[in-house]
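For reference, the structure is listed below as structure tokens.
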Amino acid sequence: MKGYNATKRILITGGAGFLGSHLCERLVKEGNDVVCLDNYFTGRKKNVEHLMDCHNFELIRHDVTIPLFLEVDQIYNLACPASPVHYQYNAVKTIKTSVLGAINMLGLAKRVRARVLQASTSEVYGDPNVHPQREDYWGHVNPIGIRSCYDEGKRVAETLFFDYHRQNNVDIRVMRIFNTYGPRMHPNDGRVVSNFIVQALRGENLTLYGDGAQTRSFCYVDDLIEGMYRLMNKDDFIGPVNIGNPGEFTIKELAEQVIALTGSKSGIVYKPLPSDDPKQRCPDISLAKKHLKWEPTIKLAEGLKKTIEYFKESI
Ligand code: NAD
Ligand code: UDP
387 MKGYNATKRI LITGGAGFLG SHLCERLVKE GNDVVCLDNY FTGRKKNVEH LMDCHNFELI
447 RHDVTIPLFL EVDQIYNLAC PASPVHYQYN AVKTIKTSVL GAINMLGLAK RVRARVLQAS
507 TSEVYGDPNV HPQREDYWGH VNPIGIRSCY DEGKRVAETL FFDYHRQNNV DIRVMRIFNT
567 YGPRMHPNDG RVVSNFIVQA LRGENLTLYG DGAQTRSFCY VDDLIEGMYR LMNKDDFIGP
627 VNIGNPGEFT IKELAEQVIA LTGSKSGIVY KPLPSDDPKQ RCPDISLAKK HLKWEPTIKL
687 AEGLKKTIEY FKESI
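Structure (structure tokens):
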């Protein structure tokens, strides 16, 4: 049952994390009634500190693996560590977060008839042998490797979303997020963009894993949040849909750009490539363009500059 007014009540799990905090900000600004849920494993209250005084923002310390009962109209399910360093720290917990978290949020959505969006990932494609990746590609995933807790956890979550949809008519949205970066990444997050910028600003050598020929496609956070918002609010399209920037760069090129843009005297030091590290990754975003009229607008150099400014002030 809706309350007295037409304000949308929105739950964001993982809301104090990097992406979640930007989403909270956007939805609070729009006047929605926003509930941010987080267990602070990789997220920080600091990320949403500026929203604390808003009458339409609430923060709940809760673990998504435990059921929760709330009256809401929309659920964005973002709770899950996203950096390999952090999701491998407690692999079993990572799977529980993806799988039990999905079951709990789908159960809640079913009960209160909310629309629920899953923050899935390009990792469902594993180390892809189809390039660029389209949504109808089933992937090439090692089920027993060190990345599997995350990749397979997210794959099962997608399965659960589609089964709840088919079986119980739950109103789902599934979004496959490709590498995203920007302000409010944790300085110790461990992902490549934040690592390189922090190292360059501190005058330390940039740690390049392998020979740096592996590729990624980097999307700036504002573009990503716009795609997420559009998917949630589109009535006739449930996904799965790739949201990412199709501009593809080698990790070595990224290191060189970061050194140039920061004006750092840092060099590059080569470290072993972690196992199962995907060799190439680039989204085909035709579906997002067609159904959501979405495509990224912020080029890598521009996004890196904004991110560098953030880290200059925060480290
Ligand atoms: P992040 O680590 O900054 O945010 C994840 C948030 O979830 C954190 O605030 C963390 O404390 C919280 N969390 C973790 N386990 C939880 C639990 N059991 N209960 C409650 N909260 C929990 O990472 P992010 O980059 O903001 O990623 C957000 C979501 O987007 C994740 O689901 C991630 O898998 C997905 N994603 C992100 C990217 C990316 O490049 N940023 C790419 C693909 C997918
Ligand atoms: N990487 C790197 N140095 C770092 C961190 C990451 O060379 O300090 C590499 C990593 O091996 C991978 C790429 O950068 O090939 C992207 O890594 P990230 O952890 O950001 O994300 P993912 O591998 O999940 O795409």
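Residue 387 is where the sequence shown starts when you use the working numbering, and the numbers rise one by one after that. Heads up, the beta-carbon is just placed ideally off N, CA and C, and yes, glycines get one too.
In terms of side-chain proximity, the C-beta atom of Leu-594 is found nearer than 6 Å to a non-hydrogen atom of the ligand UDP. Here Ile-701 is exposed: its Cβ has fewer than 16 other Cβ atoms, across all protein chains shown, within 10 Å.
In this structure, the straight-line span from the alpha carbon of Thr-648 to that of Gln-585 is close to 10 Å. Annotation for Ile-563 indicates a beta carbon within 6 Å of some heavy atom of the ligand NAD.
By the criterion of at least three beta-carbon pairs nearer than 8 Å, the stretch 529-546 is not in contact with the stretch 575-591. Non-local C-beta neighbours of Gly-531 in its own chain, meaning closer than 7 Å and more than five positions away in sequence, comprise Ser-661, Asp-662, ordered along the chain.
Under a 10 Å Cβ-count criterion, Phe-547 is classified as buried, with 16 or more other Cβ atoms of the shown protein chains found around its own Cβ. The stretch 534-588 contains, as complete beta strand (DSSP E) runs of 3+ residues, the segments 557-563 (chain order). The alpha-carbon of Val-627 is positioned some 11 Å away from that of Arg-616. Counting only the Cα atoms, Arg-430 lies some 19 Å from Asn-442. Distances from the CB of Leu-464 to the heavy atoms of the ligand NAD include at least one below 6 Å.
Annotated three-state conformation of Ser-603 is strand, per DSSP.
If you draw a 10 Å sphere on the C-beta of Asn-515, you find fewer than 16 other C-beta atoms in it, and that means exposed. Per DSSP, the beta-bridge partners of Lys-657 are Tyr-595.
Pro-453 is classed as exposed because its beta carbon has fewer than 16 other beta carbons within 10 Å across all chains shown. Membership of Asn-490 in the alpha helix (DSSP H) is indicated by the continuous run 477-498. Per DSSP, the unbroken beta strand (DSSP E) holding Cys-422 starts and ends at 419-424.
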